């Protein structure tokens with residue numbers, strides 16, 4: 247997926263962080279890939295809205311009480327964004343039995 251201009255702008259901010267601030271802060275990320283690399287991948291793969299959500303969620307998890315480890319960008323966007331951005335996909339994924347109530 248080629249990112250749209252909002253995603254490209256956010257990716258430029260992340261690259262700026264990596265270039266200007268990250269060298270001063272040191273390599274302190276508990277995750278692989280690093281939070282900034284994760285952010286770039288999420289924005290590239292899912293666009294500005296869902297990519298930003300995934301980035302914020304990841305940064306909030308990157309704290310002293312978290313063990314970290316390998317945490318790749320998910321292949322599918324978060325459920326909230328898949329429903330908001332593509333209603334036809336959400337309907338196609340819903341099974342008929344889930345929309346009907348069974349009160350027999």
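In this note's numbering, the protein residues as written are 247 to 350.
All C-beta atoms, glycine included, are put in the ideal place defined by N, C-alpha and C.
Just so you know, these numbers come straight off a predicted model, no measurement behind them.
Range of the contiguous alpha helix (DSSP H) that encloses residue i
i, result
"residue 304", "281 to 307"
"residue 395", "Residue numbering for the chain in the displayed model covers 247 to 350; residue 395 lies beyond these limits and cannot be assessed."
"residue 260", "251 to 266"
Beta carbon of residue i nearer than 8 Å to that of residue j
i, j, result
"residue 296", "residue 327", "yes"
"residue 289", "residue 253", "yes"
"residue 264", "residue 314", "no"
"residue 299", "residue 279", "no"
Among the options, the one whose alpha carbon lies nearest that of residue i
i, options, result
"residue 309", "274, 263 and 258", "274"
"residue 322", "292, 307 and 302", "292"
Would you call the region 309 to 319 and the region 278 to 291 touching, i.e. three or more CB-CB distances under 8 Å? yes
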